[in-house]
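Undergrad: Protein chains in written order, with this note's numbering: chain W, 2 to 464; chain E, 17 to 293.
Glycine included, C-beta positions come from ideal geometry on N, C-alpha and C.
I'd like to ask some things about the structure below.
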Amino acid sequence: MKKGRVGMPAQDPQIRKGNFHEVALGYTPEMAAEEAARCLNCKNPQCVKGCPVEVDIPGFIQALKEGDLKRSAMILKGKNNLPAVCGRVCPQETQCEARCILGKKGEPVAIGRLERFVADWERATGVPQPERPVPKNKKVAVIGSGPAGLTAAGDLAKMGYEVTVFEALHTPGGVLMYGIPEFRLPKEVVRQEIDYIRRLGVDIQVNQVVGKTFTVDELLKQEGYEAVFIGTGAGLPNFMNIPGENLTGIYSANEFLTRTNLMKAYLFPQYATPIKVGRRVAVIGAGNVAMDAARTALRLGAEESTIIYRRSEEEMPARHEEIEHAREEGVRFMLLTSPVAYTGDEKGQVRGMTCQRFSLGDPDESGRRRPVPIPGSEFDMEIDTVVVAIGQTPNPLVPRTTEGLVIGKHGNIVADEGSGATSRPEIFAGGDIVTGAATVILAMGAGKRAARSIDEYLQRKQS
Amino acid sequence: MYKILHKEPLGTNLHLLEVEAPRIARKAKSGQFIILRLKEEAERIPLTIADYSREKGTLTIIFQEVGYSTRELAGCRAGDTILDLVGPLGLPSEIEKYGTVVCVGGGVGIAPVYPIARDLKKAGNRVLSIIGARNSSLLFWREKMAEVSDRLFIATDDGSEGRKGFVSDVLKEILDAEQVMRVWAIGPMIMMKVVAETTRPYGVPTIVSMNPIMVDGTGMCGACRVAVGQQTRFACVDGPEFDGHLVDFDLAMKRAAFFKDKEQQALEMCRCGGEGK
Numbered sequence: 002m003k004k005g006r007v008g009m010p011a012q013d014p015q016i017r018k019g020n021f022h023e024v025a026l027g028y029t030p031e032m033a034a035e036e037a038a039r040c041l042n043c044k045n046p047q048c049v050k051g052c053p054v055e056v057d058i059p060g061f062i063q064a065l066k067e068g069d070l071k072r073s074a075m076i077l078k079g080k081n082n083l084p085a086v087c088g089r090v091c092p093q094e095t096q097c098e099a100r101c102i103l104g105k106k107g108e109p110v111a112i113g114r115l116e117r118f119v120a121d122w123e124r125a126t127g128v129p130q131p132e133r134p135v136p137k138n139k140k141v142a143v144i145g146s147g148p149a150g151l152t153a154a155g156d157l158a159k160m161g162y163e164v165t166v167f168e169a170l171h172t173p174g175g176v177l178m179y180g181i182p183e184f185r186l187p188k189e190v191v192r193q194e195i196d197y198i199r200r201l202g203v204d205i206q207v208n209q210v211v212g213k214t215f216t217v218d219e220l221l222k223q224e225g226y227e228a229v230f231i232g233t234g235a236g237l238p239n240f241m242n243i244p245g246e247n248l249t250g251i252y253s254a255n256e257f258l259t260r261t262n263l264m265k266a267y268l269f270p271q272y273a274t275p276i277k278v279g280r281r282v283a284v285i286g287a288g289n290v291a292m293d294a295a296r297t298a299l300r301l302g303a304e305e306s307t308i309i310y311r312r313s314e315e316e317m318p319a320r321h322e323e324i325e326h327a328r329e330e331g332v333r334f335m336l337l338t339s340p341v342a343y344t345g346d347e348k349g350q351v352r353g354m355t356c357q358r359f360s361l362g363d364p365d366e367s368g369r370r371r372p373v374p375i376p377g378s379e380f381d382m383e384i385d386t387v388v389v390a391i392g393q394t395p396n397p398l399v400p401r402t403t404e405g406l407v408i409g410k411h412g413n414i415v416a417d418e419g420s421g422a423t424s425r426p427e428i429f430a431g432g433d434i435v436t437g438a439a440t441v442i443l444a445m446g447a448g449k450r451a452a453r454s455i456d457e458y459l460q461r462k463q464s
Numbered sequence: 017m018y019k020i021l022h023k024e025p026l027g028t029n030l031h032l033l034e035v036e037a038p039r040i041a042r043k044a045k046s047g048q049f050i051i052l053r054l055k056e057e058a059e060r061i062p063l064t065i066a067d068y069s070r071e072k073g074t075l076t077i078i079f080q081e082v083g084y085s086t087r088e089l090a091g092c093r094a095g096d097t098i099l100d101l102v103g104p105l106g107l108p109s110e111i112e113k114y115g116t117v118v119c120v121g122g123g124v125g126i127a128p129v130y131p132i133a134r135d136l137k138k139a140g141n142r143v144l145s146i147i148g149a150r151n152s153s154l155l156f157w158r159e160k161m162a163e164v165s166d167r168l169f170i171a172t173d174d175g176s177e178g179r180k181g182f183v184s185d186v187l188k189e190i191l192d193a194e195q196v197m198r199v200w201a202i203g204p205m206i207m208m209k210v211v212a213e214t215t216r217p218y219g220v221p222t223i224v225s226m227n228p229i230m231v232d233g234t235g236m237c238g239a240c241r242v243a244v245g246q247q248t249r250f251a252c253v254d255g256p257e258f259d260g261h262l263v264d265f266d267l268a269m270k271r272a273a274f275f276k277d278k279e280q281q282a283l284e285m286c287r288c289g290g291e292g293k
């Protein structure tokens with residue numbers, strides 16, 4: 002009686018590691034219908050409580066079951082401005098799907114795959130023009146066009162605010178465009194989702210570096226904005242500060258992925274931005290970004306791509322699915338290992354790496370077991386490209402140039418988790434600039450809550 | 017889109033562009049830079065701001081054709097548009113009244129040193145300027161530099177204009193003759209290194225402007241890292257100006273050369289007429 006979830010068709014690993022096309026191919030209508038039929042439509046749905054943007058999950062699946070895809074898409078979009086993105090990159094296994102009642106004894110409903118199916122159906126058939134609410138004639142500025150900013154902007158526009166988004170790069174989307182690779186999140190999908198945000202009435206201005214081109218205070222005092230949402234993300238790459246780290250061929254994950262995704266270096270020389278990948282690539286770290294970098298390296302022609310991580314498999318922060326995909330494509334894993342120094346040739350190009358082995362000690366403040374170096378375990382390995390993917394810290398440009406904003410010890414903006422309220426009443430913040438590097442969906446949740454508090458703040462201010 | 021209002025040849029492979037960018041012009045200060053992207057398939061190119069007019073809302077940038085992307089930029093005419101232009105990026109020069117200062121501009125580096133010399137002069141400094149290049153055809157803005165300097169010295173490697181020799185030779189003579197409070201040097205990496213070595217024994221603070229490989233210019237990618245003393249700094253947000261006595265120029269030169277073979281590949285493609293329009 003109990004059926005497992007419908008599998009997701011995917012490109013063959015041996016073929017896909019040589020191209021940048023999307024790995025997961027999406028459900029067919031038959032597959033979607035079969036999977037949707039597994040949903041019990043619980044009276045007290047737990048899945049919704051696991052969704053940071055509060056999607057009416059049983060609602061959209063019910064409409065899908067009835068074959069009413071239009072209504073299904075409308076229900077999705079009622080809460081989620083970027084469903085085609087979320088259906089692809091959300092860690093559903095720790096959120097909605099983790100709470101699905103079917104998961105207690107078998108496999109949970111594949112909510113993410115169904116979300117993707119419905120969103121893709123709508124993109125393919127043409128997204129209807131959203132209804133425009135009664136204008137409130139109040140201007141709100143959103144800084145940063147990543148997941149947090151786009152969500153806040155979309156929600157505020159739906160409430161009738163006049164929203165302008167300021168983006169520092171030449172393309173909106175933030176990490177969705179520069180960070181997550183084409184093979185996991187096609188850029189055309191992101192563009193179409195952003196187009197929907199624009200059709201809600203949001204004005205997106207690119208090439209605007211807030212903190213340089215103008216400041217948050219200028220927006221508030223001179224340009225007539227009554228509230229500002231800051232969603233500038235975790236922009237600054239961490240390095241390990243070990244000897245030889247400035248040799249050439251050692252990239253931050255941000256640089257490696259930005260060159261490839263945003264600047265399309267994989268299409269060089271049709272696109273003028275170059276990237277160089279050697280035969281042996283080492284990726285330091287084991288989060289989603291590290292998996293993206295390791296898989297990208299293979300697609301750029303590396304013969305070997307190895308994840309180097311100082312803890313064990315169990316502590317790897319990447320999604321299980323990403324680790325599996327990487328493994329299928331031939332990415333190697335060198336665990337309980339970390340580099341301590343790099344060596345280069347006369348041109349300053351990295352050629353080798355000295356690593357140290359680790360064992361696991363007691364849990365640290367993150368709850369994960371602390372890696373302890375094993376004395377005398379150093380060994381050398383030959384490599385010619387390194388990608389450092391050990392996390393990012395908040396970008397200081399906006400915090401540094403906005404007076405009276407309380408900043409935390411990691412350079413993050415201090416903001417209330419529930420409301421996004423900062424130390425200044427007219428400024429709200431959310432996403433990685435507040436939490437440090439986290440996930441797309443958590444940033445979207447923060448954007449959604451902040452939009453609600455901005456609305457409350459502006460209504461309160463008026464009365 | 018950013019309109020090119022004026023284009024002017026300045027010398028061999030040297031070009032000046034005046035671009036309409038009122039928002040950036042309003043904020044620009046000497047020492048800062050912009051990043052531009054000519055069209056969809058183009059690279060993001062960092063270029064130091066050579067001049068700006070807040071009234072006209074324009075920026076002046078000067079560049080040398082060295083590779084595929086600058087060659088493509090050189091093909092633009094007045095009336096054409098640049099797809100993306102962002103700035104002003106980096107920290108401005110620290111303009112104060114120091115006393116006697118020397119501004120050294122080598123080759124295309126004359127452009128960014130000009131607004132610094134001008135602002136130092138305005139701030140009440142006695143400004144001695146030295147401009148130099150391999151030969152006379154690579155020199156420009158002699159009058160503009162003379163206007164903002166108490167004295168202007170010219171040096172060329174081949175002696176085709178001014179004195180024969182390096183800018184550092186002139187600088188050394190000045191340092192021997194009088195008390196200099198601070199030196200700015202902008203130009204090819206090797207020139208900045210030699211200038212820093214020249215001033216080191218005199219203990220004169222020497223500011224250099226680094227122009228490393230960059231992608232975003234907002235601190236995000238770390239491509240522009242520069243070793244300064246014991247620290248790694250990002251030229252885009254911590255610079256571009258650094259203490260010349262602490263910069264590891266040898267590392268910087270190696271880093272700058274990393275994509276040379278790729279640039280050659282792109283250039284060859286464009287010579288074959290395979291340019292994707």
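1) From this set, E:Ser225, E:Leu262, E:Thr234, which residue's C-alpha is nearest alanine 243 of chain E's C-alpha?
2) So alanine 243 of chain E contacts chain B; which residues on that side make the cut at Cβ distance below 9 angstroms?
3) Which residues, in order along the region 94-109 of chain E, keep a beta-carbon less than 8 angstroms from a beta-carbon of chain W?
4) Do you know offhand how far proline 25 of chain E's Cα is from leucine 144 of chain E's?
5) When DSSP builds the beta bridges, which residues end up paired with tyrosine 252 of chain W?
6) Please state the DSSP three-state secondary structure of proline 69 of chain W.
7) List in chain order: all unbroken beta strand (DSSP E) runs of 3+ residues lying wholly within the region 168-214 of chain W.
8) Quick one: what's got a C-beta closer than 8 angstroms to threonine 338 of chain W's C-beta in the same chain, skipping five residues either side?
9) Take the Cβ of glycine 290 of chain E as the centre, count every other Cβ of all protein chains shown within 10 Å, and call the residue buried at 16 or more, exposed below.
10) Identify the contact partners of glycine 150 of chain W in chain E, using a Cβ-Cβ distance below 8 angstroms as the criterion.
11) Quick check on glycine 68 of chain W: buried or exposed, where buried means 16 or more other Cβ atoms within 10 Å of its Cβ?
12) In this structure, does DSSP put methionine 292 of chain W in helix, strand or coil?
13) What are the residues that DSSP puts in a beta bridge with methionine 354 of chain W?
14) Should methionine 207 of chain E go down as buried or exposed, given a rule of 16 or more other Cβ atoms within 10 Å for buried?
15) Does any residue of chain E bring its CB to less than 9 angstroms from the CB of glutamine 223 of chain W?
16) I need the straight-line Cα distance from glutamate 427 of chain W to alanine 228 of chain W, nearest angstrom please.
17) Using a C-beta to C-beta distance shorter than 9 angstroms, which residues of chain E count as neighbours of alanine 398 of chain W?
18) Give the range of the beta strand (DSSP E) segment to which phenylalanine 258 of chain E is assigned.
19) Given asparagine 138 of chain W, which residues of its chain have a CB within under 8 angstroms of its CB, disregarding the five upstream and five downstream residues?
20) Do you know how far the Cα of aspartate 264 of chain E is from the Cα of threonine 215 of chain E?
21) Is any beta-carbon of chain W found at less than 9 angstroms from that of glutamate 57 of chain E?
22) Going by DSSP, name the residue or residues bridged to threonine 436 of chain W.
23) Could you tell me the alpha carbon to alpha carbon distance between asparagine 396 of chain W and aspartate 121 of chain W, rounded to whole angstroms?
24) With distances taken from CA atoms, which of E:Pro221, E:Leu154, E:Ile147 is nearest aspartate 185 of chain E?
25) Pop quiz: leucine 220 of chain W and valine 90 of chain W are said to be a contact at Cβ under 8 angstroms. What is the actual Cβ separation, rounded to whole angstroms?
26) Which chain W residues are close to isoleucine 65 of chain E, counting only those with a beta carbon under 8 angstroms from its beta carbon?
27) Does DSSP put tyrosine 218 of chain E in a helix, in a strand, or in coil?
28) When the Cα of glutamate 279 of chain E is compared with those of E:Leu154, E:Ile229, E:Lys72, which residue comes out closest?
29) Using the beta-carbon count (16 or more within 10 Å), is asparagine 1 of chain W buried or exposed?
30) Mind reading off the beta-carbon distance from glycine 113 of chain W to glycine 88 of chain W? Whole number of angstroms is fine, and I expect it under 8 angstroms.
31) Look up tryptophan 122 of chain W in the DSSP assignment and say whether it is helix, strand or coil.
32) Please check the pair aspartate 330 of chain W and proline 14 of chain W, which I expect to be a contact at CB under 8 angstroms, by giving their CB distance rounded to whole angstroms.
33) Per DSSP, what kind of secondary structure is threonine 261 of chain W in: helix, strand or coil?
34) Give the straight-line distance between the Cα atoms of alanine 34 of chain W and alanine 327 of chain W, rounded to the nearest whole angstrom.
35) Runs of 4 residues minimum, wholly inside the region 96-152 of chain W: which ones carry the alpha helix (DSSP H) assignment?
36) Suppose you measure from the CA of glycine 377 of chain W to the CA of methionine 335 of chain W; what does that come to, to the nearest Å?
TA: From the atom records:
1) E:Leu262
2) Protein chains in the displayed structure are W and E, and chain B is not among them.
3) Leu99, Asp100, Leu101, Val102, Gly103, Pro104, Leu105
4) 26 angstroms
5) W:Val388
6) Correcting the residue identity first, residue 69 of chain W is aspartate in this sequence and not proline. Coil at aspartate 69 of chain W, not helix or strand.
7) 204-206
8) Ile309, Tyr310, Arg311, Cys356, Gln357, Arg358, Phe359
9) In this predicted model, glycine 290 of chain E has a pLDDT of only 45, less than 50, meaning its place in the structure is not dependable; the value taken from the coordinates is given anyway. So glycine 290 of chain E ends up on the exposed side.
10) Neighbours of glycine 150 of chain W on chain E: none; closest Cβ ~15 angstroms, over 8 angstroms.
11) exposed
12) helix
13) W:Tyr343, W:Met382
14) buried
15) no
16) 5 angstroms
17) The question names alanine, but residue 398 of chain W is leucine in the sequence shown. The answer, in chain order, is Thr234, Gly235, Val253.
18) 257-259
19) Glu163
20) 16 angstroms
21) yes
22) DSSP lists no partner for threonine 436 of chain W.
23) 33 angstroms
24) E:Ile147
25) Going by Cβ atoms, the distance from leucine 220 of chain W to valine 90 of chain W rounds to 30 angstroms, so no, they are not a contact pair.
26) Result: empty, since nearest Cβ-Cβ is about 12 angstroms, beyond 8 angstroms.
27) helix
28) E:Ile229
29) Residue 1 of chain W cannot be examined here, being either before or after the span of chain W that is shown, 2 to 464.
30) 5 angstroms
31) helix
32) Note on identity: in this sequence residue 330 of chain W is glutamate, with aspartate being the wrong assignment. Correct: roughly 5 angstroms between the Cβ atoms.
33) helix
34) 29 angstroms
35) 97-100, 112-126
36) 18 angstroms
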